[in-house]
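Numbering (my numbering), first residue to last: 1 to 743.
See below:
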């Protein structure tokens, strides 16, 4: 096995590495007693502290004063070993390139700074890439901003900056040497802890330093926005995203190598991946570096990473059924993500945010997991209720911030925020409006930061999209709005089949039970499947049709044929009225155990004529019941979302909100439930609108009763009809009518 040297790089990279190495080595001229302090002289320091090393041959700890590897490197043990012996040593956890014949194990002394500070010193050295940049850093009037993507490491920067900057300043060739002021803009967590916003006066501090001819180095987190006036002063913005493989390797060269060499190829092979390394904290680095050899340090880092790294979901979009159109949208996002990973697409061109909205149980959380699984990246989840556990606004904002920090540090990753509708509009008149305003503002701030993080996909979920503050849902924060409907009959069967795979008898037909489940969510179908499988397990056999029917009975009680026929006629009435008015055909009409539903997109802004047409559509179901069955049922008025409730609200809006009736132009926020307190003349106008609309609907249904019946029969048989199915029934009826009227 041969030794690979990281120094085989370009001339510019070598200069950068030399500066970083010299900077890190300078730390060893300072003693550590909880903070870095100067030793009186280098000789005094070397005489005062001994080195504790671990001998891998017998495990004994020896105390001796030895030179540093960069001061007087010893020949590597590997030079006296054969290839097979080198391989055997590495297999046993010993690094023969880092060991000399006389010294094995750690080279770090007890009084030396912690390894995490040594690692951080290499990250801080990213401030300068060559000697020209070092001089520019200390130039009078120069402002450099150094950003850090790792909050835990950013918090220890103040311990390191003074000795590092003093070391750099001492090596400047010119005189007199300009003073450099270091300003550390605290993290949001630190500011909350101390109840002090030290960043609020950063521009004043910079101005004061510049007025005295000093240079300024401002350290901030990577995603902190500075005032425009400050940004205008910044000449350069170097960045350290967090721990890198090079940082670890160079720190190991100082702490665990007696020779200045290591088995670098093997170490690089064993190190955690770059995304995982960036998540390491100073405490985790220090814990790993207590291992005796370079190889054991890296192996310990891998074990630590396994415990804290976020798992990638195993489910993918290919596992989902019944929502093909939704999956197609997410697959476009996924394709962009893959192109970005290959370097073929700028992150700014990636569709990186979406709100998943729809009724409960439609699989919004599962979709987020499946997207992360397909992308091969971790999923970080949070929700309004999860953040709000602390009750106090500051605690809630801190919990929200923690989720976003975790997502940024894990990027590429998916951050999924559930219950977005709880972040309700800030203009509400509730007693908690001030609390909600602060919470929503905090969420907006976090989303803005997240938008600048390459590799971070932001997904939100809500049952009620219109309840979310518009500033949250606008494009630029959440670009895509993806509706997740209840699955259709084909989707329900696919979900059921996938859930029962290998556990259902071969002769069992799923269609009958699926027909009963139309109108249910995917979660409902999975619950039926679990119930049926439980029944089969108890009987120690495969799932039967009876198991499925009995399980469905628990969720969807059986309804009489008369009830289902009435509902089918009711829904057919709505469809025929839509056809009569010349509007687009519904995308779907369904018959469920709870009732029926017609999916039809209507115009968001209505004229007076269009409003009256919509009233006719709403009352056409009731009209069909009267025309075909002789009387209406309570089905048109069952709740606030019923036909009668919506029609009443529409007629009321004509008169009191839209200025389309006879009540004038004054506006009043009155709902259908408030009609009882309206003046008698207003109630009379609303009733007149409803009566006129029902009369028009009855006239239409009477003229097309055979078509209503044909459509109702087809709906009874199929339980679900789509646009093409509806069109087929209409063509069939038209053909029959032409045949009957032909001479």
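The C-beta atom is built at its ideal place from N, Cα and C for all residues, glycine as well. The model shown is predicted, which means the values in this text are computed figures rather than measured ones.
Nearest to residue 495 by alpha-carbon distance, out of 698, 375, 320 and 532, is 320. Rounded to whole angstroms, the separation of the alpha carbons of residue 389 and residue 617 is 46 Å. The C-beta of residue 308 has fewer than 16 other C-beta atoms within 10 Å across all chains shown, which makes the residue exposed.
Counting along the chain, residue 481 sits inside no alpha helix (DSSP H); it lies in the beta strand (DSSP E) bounded by residues 480-483. Counting along the chain, residue 379 sits inside the beta strand (DSSP E) bounded by residues 379-383.
Bounds of the alpha helix (DSSP H) holding residue 408 are 393-410.
Residue 290 and residue 78 have their C-alpha atoms roughly 23 Å apart.
In the structure shown, the three-state DSSP call for residue 593 is coil.
Inside the stretch 443-514, DSSP marks whole beta strand (DSSP E) runs of 3 or more residues at positions 456-462 and 480-483, from first to last along the chain. With fewer than 16 other CB atoms across the displayed protein chains lying within 10 angstroms of its CB, residue 724 is exposed. Cβ atoms of residue 86 and residue 251 stay farther apart than 8 Å, at about 23 Å. The closest CA to that of residue 382, considering only 368, 643, 393 and 243, is found on 368. When the Cα atoms are used, residue 447 and residue 404 turn out to be separated by approximately 8 Å. Here the C-alpha atom of residue 520 lies approximately 21 Å from the C-alpha atom of residue 562.
Less than 7 Å separates the beta-carbon of residue 573 from that of residue 624.
Here the alpha carbon of residue 442 sits roughly 44 Å from the alpha carbon of residue 583. For residue 276, the enclosing alpha helix (DSSP H) has its first and last residue at 274-278. Between the stretch 328-338 and the stretch 269-288, the count of Cβ pairs shorter than 8 Å is below three; the stretches do not touch. Residue 416: member of the beta strand (DSSP E) spanning 413-418, first to last residue.
Under the three-state reduction of DSSP, residue 154 is assigned to helix. Under the DSSP assignment, residue 126 falls outside any alpha helix (DSSP H); it carries neither an H nor an E label. Per DSSP, the unbroken alpha helix (DSSP H) holding residue 334 starts and ends at 324-341. One alpha carbon belongs to residue 588, the other to residue 598, and they sit about 6 Å apart. When C-alpha distances from residue 459 are compared across 688, 249, 255 and 478, the shortest belongs to 478. Spatial neighbours of residue 712 in its own chain (CB-CB distance under 6 Å, excluding positions within 5 residues in sequence) are listed in chain order as 568, 569 and 572. Secondary structure note for residue 146: its beta strand (DSSP E) is the uninterrupted segment 143-148. The beta carbon of residue 435 sits closer than 8 Å to the beta carbons of 393 from its chain, once the five residues preceding and following it are set aside; these are given in chain order. In the structure shown, the three-state DSSP call for residue 353 is strand. For residue 234, the three-state secondary structure derived from DSSP is coil. In the structure shown, residue 240 falls within a strand segment according to DSSP collapsed to helix, strand and coil. Per the Cβ contact rule, the stretch 129-147 is in contact with the stretch 211-219 (3 or more Cβ pairs under 8 Å).
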